[in-house]
Amino acid sequence: MCKGPATDNTPAVSTDGFDAKEAEKKAQRKAEKRAAKLAAAEAAVAAEVAEVAGSVNDSVADEEAAAKAARKAEKKAAKLAAQLEEERANAKALKKALKAAEKEKQETDATMASEEASVKRKAAAVCEEAKEPAAAAVEPAAKKQKAEDGVAVLGAVDYRKKEEITVTCDGECPAPFETFASACPEFGKALEKALLAQGYAAPTPIQAQCWPIALQGRDMVAVASTGSGKTCGFLLPAIARIAERGPTAPPSRWGRAPPAKPTVLVVAPTRELAQQIHGEAEKFAPAVKARSVCIFGGVPKGDQCRELKSGCDILIATPGRLLDLCAGQPDRGLPPSVDLSAVNYLVLDEADRMLDMGFEDDIRKVIEMCPQTGEPAQGGGATGSKAGTARQTLFFTATWPKEVQQTAWSFTSQDAVQIRIGQSSGDNKLTANKMVKQVVTICDESEKSKLLQDCLAKELKDGETCIVFAGMKATCDELERELHRAKIGCWCKAIHSGKEQWERDAALQEFRDLTAGKAGSSKRGIMVATDVAARGLDIPGVALVVVYEFGGSQGVESYVHRIGRTGRAGLTGRAFTFFTRRDKGSSELVELLKGADQEVPAELEDLAWHEWGKKSRKGGKGKGKGKGKGGKGKGSSKGKGGSSKGGGRGWGK
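Residue 401 in our numbering sits at position 225 of the sequence shown, with consecutive numbering throughout.
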């Protein structure tokens, strides 16, 4: 019988000794170890993650705290900034209030000082007129005649008599400022310092009388010879009031600049005179922080417009260029560069010359653009609350013919003060400067060139300069060539309207330097010129003037201005004139020479008698007899008018 196989519950026994259960347990233990290891690793990772998460949370918390602190600091800073801005505003308001109070105090002090000075001057004038010691009414311890800064003070009556000052006005005229000490309280400290820095000894007669009148805001007509110092006469009162009220605010730098609005306007006939006035203004305007601008024709407008854009308190201008810049160029979209609506101090300088040059219509247009004339208290030269609210007009002229008189009264108010220097109250004739020695030579036209060379060789000393006046541009050029050919050893150049402006300016500057001695103490200089140099050229120190061509009917008036280029600023001068038998004006020239205490040549008197005779034969209707010394004493003449008897020299045949 065979045996069967073993059943399933019989443990399997490996023939090679391998135990499956043991292997299974081993694998399980291994798996458990791996699981434990993985669990430990997972725990470690979880811990690390937790740590990182905690660190992140702490960082976020710190950032939130920092942001919160920053917001708190910003709020505190904003609050502090607001407080600071408020403090600044309060300080600014306080500063403005203090400035206004100071300005009001200055105005009050100035008004009180002006009133006090006015009272003193009125008292002095009243006492002088009563022939009493003027100072006794104000300062009992002082005498009538005393010395201030080394200058004798005479009193109003005696000073006007001595300086030949004639004043015509309605009401009382203020006494002249005889010394700078009496003028400086009216001008203020800053202007006083600038004035004294110029080294002037005392005011000239026109300045002494003009200043107190202008400072009252009154319109004025002043008749004075060239070289009398009238430029400072009209400039300083205006600058003093700018110092008192403050200069014009500078224009905004944003957008298109508005037109300049000057408060002071000076109109002059020529560019040379305008430049001269501007040079004088520049000596004083910076002291009160005022800005002076000069505009004139003959040069491009661009530079002048740019100057005006920077602001302008004092505008010096020739009529044509002034009207151009007031109109602008609408066709090119260019607005006006000047607005005259704020002008409260208007000066017309060398007005007679402007009328001769045909500028009357232009002047009237300029005046129409300025404010209307008002009371003296409203004038630009006045002080007080009303000052500067109306136009004050000052009319300066060297001659006083009827046409000039009529124009002057039409430009000024009815109560304008008239001042005349060196002329009697009822005399409207021209006057020549007595400080100039005047020599007249009667000659033929062909003799002039030789006479000129001889005169220069004899009269023009080393280091001196001379101006030779001719009537024509061609004559000036020819004389320049002749003098160079004659080898007289002098600097010599000609200027006239045919020259370019830069040539004229360069020649004038060289001539100024020669006159001032900057080119060497022994060098002589000669400038040959037309009447372009007869007015407005203030070159102190010109020793000699030669009137080469006297001229026609306007010769006498031109003569006054020509010889006025020498003997300026209190200096003496010499003038030589070549007068031919064809020249007109011999009778007027004789009167000028006699009025200036100059020698009159007998031959010139003969020409004058002949000229007077021609005028007398055009005289009145009826018969006039004249007996005189010349041998032509008896005669009668028929004409228009009444009869007259001649006393002195007779002219009829």
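We put the CB at the ideal spot given by N, CA and C, even for glycine. Note that this is a predicted model, so its numbers are computed, not measured.
Query                                                                                                                                                           : Result
Looking at the C-beta of glutamine 568, does it have a partner C-beta in chain D at a distance below 9 Å?                                                       : Structure shown: chain D not included; a single protein chain is present.
So, with DSSP's three-state summary, where would you put lysine 613?                                                                                            : strand
Should leucine 516 and methionine 545 be called a contact, given that it needs their Cβ atoms to be closer than 9 Å?                                            : yes
Let me check understanding here. Comparing Cα to Cα, which of Thr407, Cys642, Ala778 and Ala574 lies closest to aspartate 689?                                  : Cys642
Please check the pair glutamine 629 and alanine 662, which I expect to be a contact at CB under 8 Å, by giving their CB distance rounded to whole angstroms.    : 5 Å
Is the segment 571 to 583 in contact with the segment 545 to 560, if contact means three or more CB pairs nearer than 8 Å?                                      : no
Under the DSSP definition of a beta bridge, which residues are partnered with tyrosine 521?                                                                     : Val440 and Gln568
I'd like to know whether the C-beta atoms of glycine 509 and proline 423 end up nearer to each other than 9 Å.                                                  : no
Once the 5 residues before and after alanine 450 are set aside, which same chain residues still bring their CB inside 7 Å of it?                                : Ala444, Cys470, Phe472, Ile492, Ala493 and Thr494
Classify aspartate 489: buried if its beta carbon has 16 or more other beta carbons within 10 angstroms, exposed otherwise.                                     : buried
Specify the secondary structure class of isoleucine 490 as computed by DSSP and reduced to three states.                                                        : strand
With DSSP as the reference, please indicate the residues paired to valine 732 in a beta bridge.                                                                 : For valine 732, which the question treats as bridged, DSSP gives no partner whatsoever.
Between glutamate 315 and the rest of its own chain, which residues show a CB-CB distance below 6 Å, the 5 nearest in sequence each way excluded?               : Because the pLDDT at glutamate 315 is just 39, under 50, the model does not fix this residue reliably, and the value given afterwards should be weighed accordingly. Excluding sequence neighbours, glutamate 315 sits near nothing in its chain.
Alpha carbons only, please: which of Tyr735, Val333 and Glu654 is nearest the one belonging to phenylalanine 353?                                               : Val333
The beta strand (DSSP E) that contains glycine 405, what's its start and end?                                                                                   : Note, glycine 405: premise wrong, no beta strand (DSSP E); not H, not E.
How far does the alpha helix (DSSP H) with serine 586 in it extend, from its first residue to its last?                                                         : 578 to 587
On the three-state DSSP scale, how would you describe alanine 217?                                                                                              : helix
State buried or exposed for aspartate 346, treating a residue as buried only when at least 16 other CB atoms are found within 10 Å of its CB.                   : exposed
Report yes or no: do three or more beta-carbon pairs, one from the segment 763 to 780 and one from the segment 634 to 650, lie closer than 8 Å?                 : no
With DSSP as the reference, identify every bridge partner of glycine 701, one or two as the case may be.                                                        : Thr641 and Trp667
Find out if the Cβ-Cβ distance for the pair histidine 737, serine 762 is shorter than 9 Å.                                                                      : no
DSSP three-state label for glutamine 374, please.                                                                                                               : coil
What do you get for glutamate 458, buried or exposed, if any count of 16 or more other CB atoms within 10 angstroms of its CB means buried?                     : exposed
With a 10 Å radius around its C-beta and 16 neighbouring C-beta atoms as the bar for buried, classify methionine 396 as buried or exposed.                      : buried
Tell me whether leucine 371 is buried or exposed, calling it buried when 16 or more other Cβ atoms sit within 10 Å of its Cβ.                                   : buried
What's the gap between the Cα of lysine 197 and the Cα of alanine 211?                                                                                          : 20 Å
Let me know if leucine 156 comes out buried or exposed under the rule of 16 or more other beta-carbons within 10 Å of its beta-carbon.                          : The question about residue 156 has no answer here: the residues shown for the chain are numbered 177 through 829.
Which residue from Thr407, Gly393, Lys669 and Asp714 puts its Cα closest to that of arginine 567?                                                               : Gly393
Between the segment 578 to 592 and the segment 371 to 387, do three or more beta carbon pairs fall short of 8 Å?                                                : no
Go ahead and pull the three-state DSSP assignment for glutamate 496.                                                                                            : This sequence places glycine at residue 496; glutamate is not what is there. Correct three-state label for glycine 496: helix.
How many Å lie between isoleucine 341 and glycine 665 at the Cα?                                                                                                : 44 Å
Measure the CB-CB distance between phenylalanine 460 and cysteine 619 and report whether it falls below 9 Å.                                                    : no
Who are the Cβ neighbours of lysine 201 in its own chain at under 7 Å, not counting the five residues just before and after it?                                 : none
Going by alpha carbons, who is nearest to lysine 760 out of Phe726, Leu367 and Ala670?                                                                          : Phe726
Residues in the same chain with beta-carbon distance under 7 Å from valine 475, minus the five sequence neighbours each way, listed in chain order, please.     : Gln677
Write down the C-beta distance between glutamate 456 and threonine 380 rounded to the nearest angstrom, noting that I regard them as a contact closer than 8 Å. : Incorrect: roughly 13 Å between the Cβ atoms, too far for contact.
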